[in-house]
Amino acid sequence: MRIQIDNACLIGGQNMLLTFSKIPIQTWEHIKSPEDLLKTASVEITKGINGLDKLVLRQIRGSTVEVYLYGAHVTSWKNDHGKELLFLSSKAIFSPPTAIRGGIPIIFPQFSNLGPLRSHGFARNRVWTMENNSHPLQSKPINGVFVDLLLKPTEDDLNIWPNRFEYRLRITLGLKGDLIMTSRIKNTNTDKKQFNFTFAYHNYFRVSNISEVRVEGLGKLDYLDNTQNRTRFTETRNVITINSEIDRIYLSTPKKLAILDHKKKQTISIQKHGLPDAVVWNPWEERSKTIVDLGPDDYKSMVAVEASAIGKPVILNSGQEWKAVQKLSDVTSH
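Taking the UniProt record's numbering, I'd label the letters of the sequence shown as residues 1 to 334.
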């Protein structure tokens, strides 16, 4: 058994990869054996539902994140107390090429039907690879464990969207249980051709009951209403509450939003950079009946608030790189 305290180490063979970044010195003082190390911050490679490859990130205070390589899809985020913060459909299908319903799907290179591709593009329907060399995503040290994932287009992808790219995604679980997702998308076309895309972190949050939820930070902003052919309106409320189907793209939003659950006495914050827009979605009862991988009552316990770039597509020249970050935090007072 080999233990290496570095950016990465293998423990007990090839089935487990542990990644560390700036674990406090006082934590290491309590590590007397490999078993103690396994109780600290770690990333485990394992098998998930239907044998799909899954990564489990663990922090020393108890928070966890689960990520499937299929879609680079975060399916679970639990706080220090083991409380699940993300919604996963009771009928979620873990069988490619169907996208997983719930968690945090990656929407790229097309949001919804805003282009020639199938709805929401193809990034969420592809198997991503792990990168051992984290250099492309090096940044300031943070108290977190992370995994670096990579997506490049297949020949089939190039047939439907003729653009070469490298999409690097770092998923970090911070010391305090924050979930940080950093996307870097680079245009690698060799013919100097530019391309454009739309993008979203399609965050599904678990709530006690949709009637108890308030979304803060979107008051008085313009939005496109997808239930009315994307007609543009101005939000009249200061705080968004939901009592019917909602599917809106809020434009030019602030860098910080909040989701308050009155019954749970829980607040989740979304901090975002490079993502000017925000989608708020709940299908409600009638629309839910048309979604085969969503339970009939699932709409009551979820709300999607998505950090996105939709209103103005991102344009990348050959060789250019785009970066976007979202940080999700459970800021509930315990």
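Beta carbons: idealized from backbone N, C-alpha and C, even for Gly.
Given the structure is predicted, the values throughout are model-derived calculations rather than measurements.
Beta bridge counterpart(s) of residue i as assigned by DSSP
i           : result
His273      : Val325
Leu151      : Tyr167
Arg184      : Arg168 and Lys323
Asn196      : Ile315
Arg232      : Leu224
residue 338 : With the chain running from 1 to 334 in the structure shown, residue 338 is simply not present.
Leu179      : Leu173 and Leu328
Ser42       : Arg58
Phe146      : Thr172
Gly121      : Phe108
As assigned by DSSP and simplified to three states, the class of residue i
i      : result
Met266 : Residue 266 is actually Gln in this sequence, not Met. It is a strand residue.
Trp77  : strand
Leu316 : strand
Tyr251 : Note on residue identity: the sequence assigns Leu, not Tyr, to residue 251. Here Leu251 sits in coil by DSSP.
Asp191 : coil
Cys9   : Any reading at Cys9 must be qualified, since the residue scores a pLDDT of 36, below 50, and its modelled position is unreliable; the value itself is stated next. Cys9 falls in the strand class under three-state DSSP.
Asn282 : strand
Glu212 : helix
Ser244 : coil
Asn50  : helix
Ile259 : strand
Ile291 : coil
Arg206 : strand
Leu173 : strand
Ser301 : helix
Ser139 : Note that Ser139 has pLDDT 42, beneath the 50 cutoff, so the model's placement of it is unreliable and the number below is only indicative. Residue state, collapsed to three classes: coil.
Integer-rounded CB distance, given that residue j should sit under 8 Å from residue i
i      : j      : result
Leu85  : Arg214 : Between Arg214 and Leu85 the Cβ distance is about 16 Å, and since that is not below 8 Å, they are no contact.
Arg282 : Glu245 : Residue identity check: residue 282 is Asn in the sequence provided, not Arg. Contact holds; Cβ gap of about 7 Å.
Leu117 : Ile160 : 6 Å
Leu55  : Val43  : 6 Å
Lys91  : Gly311 : No, Lys91 and Gly311 are not in contact; Cβ-Cβ is about 32 Å, not under 8 Å.
Phe146 : Thr172 : 4 Å
>> Any contact between the stretch 159-167 and the stretch 181-194? By contact I mean 3 or more CB pairs, one from each, below 8 Å.
In response: yes
> If you pair each beta-carbon of the stretch 213-220 with each one of the stretch 188-198, do three or more pairs fall below 8 Å?
Replying inline: no
> Should the stretch 61-80 be regarded as contacting the stretch 92-107, the criterion being three or more beta carbon pairs within less than 8 Å?
Replying inline: yes
> Unbroken beta strand (DSSP E) runs of length 3 or more, entirely within the stretch 54-112: which are they?
Replying inline: 64-68 and 73-78
> Below 8 Å, can you find three or more Cβ-Cβ pairs linking the stretch 256-273 to the stretch 292-301?
Replying inline: no
> Between the stretch 221-238 and the stretch 259-267, are three or more C-beta pairs nearer than 8 Å?
Replying inline: no
> If you pair each beta-carbon of the stretch 303-312 with each one of the stretch 147-158, do three or more pairs fall below 8 Å?
Replying inline: no
> Can we say the stretch 278-298 touches the stretch 313-330, given the rule of at least three CB pairs closer than 8 Å?
Replying inline: no
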